[in-house]
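Quick notes on the structure that follows.
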DNA sequence: GTACTTCTTTGACCCAGATCAAGGGCCGAA
DNA sequence: TTCGGCCCTTGATCTGGGTCAAAGAAGTAC
């Protein structure tokens with residue numbers, strides 16, 4: 005996968021101004037560590053729909069999502085596919101110590117990634133515990149998210165699955181834009197109906213039907229196909245079957 | 005949850021002889037590090053069926069499974085439950101930096117755990133990168149396993165789910181007893197039909213029916229309800245829908 | 001404008017797996 | 001040896017979500 009336009013390389017900024025500075029794998033770094041990271045980093049840009057890497061391909065870099073959204077998916081020989089990761093800004097892609105990609109990584113919106121070649125990054129990791137420590141913390145968070153997701157996939161109804169996905173996106177969106185605690189929540193779905201289906205282990209028809217049903221029942225409002233308004237977040241959480249009773253959004 | 009018998013505390017051995025010495029969180033430790041670990045470790049024993057901790061309860065220790073099997077499960081208010089982790093010997097329980105359990109932890113067989121109080125363990129972790137590094141590696145492995153599991157939950161048929169679970173257990177069992185590469189694989193199921201159902205997002209009736217179907221079709225043989233013989237591992241993997249073509253067992 | 005394409009909605013029908021129900025095998029206690 | 005509790009199997013029936021099919025909406029290329 006080569007870059008389509010060299011403007012991709014012109015994106016450049018100092019780590020100090022980086023929008024994901026305090027959430028990404030570099031969050032814990034001191035000024036001097038940041039400086040060394042700055043020397044080995046480079047940006048890559050992908051357009052919506054582009055594949056970043058194919059499962060099984062050699063992957064000689066790791067990266068943070070700076071802006072946009074990417075997905076990790078697994079595909080069976082007969083074409084059944086399951087999304088196994090949804091990467092939002094500050095999320096980390098790639099595994100230190102592994103040479104090839106375990107999943108397809110696809111940009112679902114225009115995407116900017118902050119990349120590090122694998123070897124220099126691994127070297128830095130062994131020398132600066134701040135990076136290794138933050139990566140462990142992020143990986144544990146991802147494992148928790150994956151386990152929450154397993155409950156959704158294994159035990160929830162189609163309606164609960166949709167409500168769960170909407171609350172996850174609403175929550176992560178709110179935490180990025182730190183205006184939580186409003187009761188009325190508004191966001192754009194970054195996924196097509198098909199991608200939502202791949203996330204939830206459903207077909208796109210069922211996703212569409214359940215979205216219509218939630219709209220009919222007043223749980224959500226839709227403007228166009230992607231713009232979602234949640235008039236009452238606790239109602240949505242209730243529909244999701246989560247025992248968290250509407251309290252915390254962070 | 006208190007200990008039922010104080011023989012639990014009499015289990016004691018030097019880390020050097022520990023059966024999980026080279027796979028657990030302490031795998032990378034040098035002799036001196038091991039010695040310090042040895043000072044803060046203690047063993048706990050649980051009987052089959054006992055709950056180790058309840059989700060939400062305070063958890064002031066982390067631990068490695070030494071022998072036996074434990075499960076992590078999540079439960080919805082209405083009782084639907086999903087297993088989100090299957091812990092075999094050498095697996096790690098608990099999250100440094102978190103005070104309470106996120107899941108129910110249950111011993112499904114008699115269980116011995118090597119425990120460390122959270123604070124001393126966290127202290128050691130910051131001082132000995134060998135532990136933090138190994139824990140990162142193990143967490144990344146678990147995340148991969150969780151993602152594989154998500155494909156099973158989201159996209160596989162009941163028959164494929166059962167075949168997948170059997171191959172996972174067969175594989176992990178073989179790697180513990182390092183006699184892989186035999187074509188004929190034999191093991192005991194450490195789970196009831198109900199626990200298998202909770203693992204796979206099925207009902208126990210469906211699990212039972214699919215076990216019978218796989219037996220009828222000669223994919224597996226059963227002696228009693230728990231003892232499983234796999235005459236042809238590649239056949240089982242085929243039934244699981246895995247694109248891995250029967251090659252590697254490690 | 002008109003004709004593509006891509007994404008989405010909705011309807012009709014069907015089937016894999018859930019649910020409900022009955023009973024069988026095994027083990028430990030009395 | 002009989003009882004009571006698991007755990008498991010099997011049958012009958014029901015249903016949530018899949019499949020197949022058609023068409024609407026919105027963008028964009030010409």
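Protein chains in written order, with our numbering: chain A, 5 to 254; chain B, 5 to 254.
Built from N, CA and C at the ideal position, the CB exists for glycine as well.
For residue i, the nearest candidate out of the options (CA to CA)
{"i": "residue 35 of chain A", "options": "A:161, A:18, A:105, A:46", "result": "A:18"}
{"i": "residue 60 of chain B", "options": "B:133, B:108, B:227, B:228", "result": "B:108"}
{"i": "residue 101 of chain A", "options": "A:26, A:204, A:25, A:123", "result": "A:123"}
{"i": "residue 218 of chain B", "options": "B:83, B:126, B:232", "result": "B:232"}
{"i": "residue 127 of chain B", "options": "B:41, B:22, B:88, B:53", "result": "B:41"}
{"i": "residue 155 of chain A", "options": "B:20, B:79, B:38", "result": "B:79"}
{"i": "residue 73 of chain A", "options": "A:194, A:204, A:241, A:246", "result": "A:194"}
{"i": "residue 207 of chain A", "options": "A:87, A:44, A:68", "result": "A:87"}
{"i": "residue 227 of chain B", "options": "B:236, B:202, B:191", "result": "B:191"}
{"i": "residue 115 of chain A", "options": "A:203, A:22, A:48", "result": "A:48"}
{"i": "residue 133 of chain B", "options": "B:243, B:33, B:175, B:172", "result": "B:33"}
{"i": "residue 45 of chain B", "options": "B:213, B:67, B:113", "result": "B:67"}
{"i": "residue 69 of chain A", "options": "A:176, A:76, A:131, A:24", "result": "A:24"}
{"i": "residue 84 of chain B", "options": "A:82, A:240, A:160", "result": "A:160"}
{"i": "residue 189 of chain B", "options": "B:215, B:97, B:236", "result": "B:236"}
{"i": "residue 146 of chain A", "options": "A:243, A:97, A:55, A:179", "result": "A:97"}
{"i": "residue 215 of chain A", "options": "A:172, A:166, A:176", "result": "A:166"}
{"i": "residue 178 of chain A", "options": "A:234, A:164, A:153", "result": "A:234"}
{"i": "residue 50 of chain A", "options": "A:141, A:151, A:111, A:77", "result": "A:111"}
{"i": "residue 244 of chain B", "options": "A:81, A:213, A:22", "result": "A:81"}
6 Å CB neighbourhood of residue i in its chain, flanking five on each side removed
{"i": "residue 57 of chain B", "result": "63, 105, 109"}
{"i": "residue 157 of chain A", "result": "205"}
{"i": "residue 53 of chain A", "result": "none"}
{"i": "residue 6 of chain A", "result": "Because residue 6 of chain A sits at a pLDDT of 37, beneath the cut-off of 50, its placement in the model cannot be relied upon, and the point is left open."}
{"i": "residue 125 of chain B", "result": "66"}
Cβ of residue i within 8 Å of any chain B Cβ
{"i": "residue 127 of chain A", "result": "no"}
{"i": "residue 239 of chain A", "result": "no"}
{"i": "residue 136 of chain A", "result": "yes"}
{"i": "residue 193 of chain A", "result": "no"}
{"i": "residue 143 of chain A", "result": "yes"}
{"i": "residue 97 of chain A", "result": "no"}
{"i": "residue 247 of chain A", "result": "yes"}
{"i": "residue 58 of chain A", "result": "no"}
{"i": "residue 259 of chain A", "result": "There is no way to answer for residue 259 of chain A, as the model of chain A reaches only from 5 to 254."}
{"i": "residue 88 of chain A", "result": "yes"}
{"i": "residue 150 of chain A", "result": "yes"}
{"i": "residue 133 of chain A", "result": "yes"}
{"i": "residue 147 of chain A", "result": "yes"}
{"i": "residue 84 of chain A", "result": "yes"}
{"i": "residue 218 of chain A", "result": "no"}
{"i": "residue 170 of chain A", "result": "no"}
{"i": "residue 139 of chain A", "result": "yes"}
{"i": "residue 215 of chain A", "result": "no"}
{"i": "residue 155 of chain A", "result": "yes"}
{"i": "residue 72 of chain A", "result": "no"}
{"i": "residue 205 of chain A", "result": "yes"}
{"i": "residue 106 of chain A", "result": "yes"}
Residues bridged to residue i (per DSSP)
{"i": "residue 117 of chain B", "result": "B:48, B:69"}
{"i": "residue 74 of chain B", "result": "B:91, B:111"}
{"i": "residue 62 of chain B", "result": "B:104"}
{"i": "residue 225 of chain A", "result": "A:233"}
{"i": "residue 192 of chain B", "result": "B:231"}
{"i": "residue 29 of chain A", "result": "Note: residue 29 of chain A sits in no beta bridge, so no partner."}
{"i": "residue 55 of chain A", "result": "A:110"}
{"i": "residue 86 of chain B", "result": "B:78"}
{"i": "residue 258 of chain A", "result": "Since the displayed chain A opens at 5 and closes at 254, residue 258 of chain A lies outside it and no answer follows."}
{"i": "residue 96 of chain B", "result": "B:68"}
Beta-carbon proximity list for residue i, same chain, < 8 Å, skipping 5 on both sides
{"i": "residue 38 of chain A", "result": "19, 20, 30"}
{"i": "residue 210 of chain A", "result": "162, 201"}
Any chain A beta carbon closer than 8 Å to residue i
{"i": "residue 7 of chain B", "result": "Any reading at residue 7 of chain B needs caution, since the residue's pLDDT is 37, under 50, leaving its predicted position unreliable; the model's value is listed next. Not one chain A Cβ lies under 8 Å of residue 7 of chain B."}
{"i": "residue 158 of chain B", "result": "yes"}
{"i": "residue 228 of chain B", "result": "no"}
{"i": "residue 78 of chain B", "result": "yes"}
{"i": "residue 166 of chain B", "result": "no"}
{"i": "residue 81 of chain B", "result": "yes"}
Same chain, Cβ closer than 7 Å to residue i, neighbours up to 5 away in sequence not counted
{"i": "residue 113 of chain B", "result": "52, 72, 73, 194"}
{"i": "residue 169 of chain A", "result": "200, 203, 204"}
Closer than 7 Å: residue i CB and nearest the ligand ZN heavy atom
{"i": "residue 116 of chain B", "result": "This structure simply doesn't include the ligand ZN, nor any ligand for that matter."}
Query - Segment contact, 8 Å Cβ cut-off, at least three pairs: the stretch 132 to 141 of chain B with the stretch 83 to 92 of chain B - result: no
Query raised in the report: Do the stretch 192 to 206 of chain A and the stretch 119 to 126 of chain B make contact, defined as three or more Cβ pairs closer than 8 Å?
Result: no
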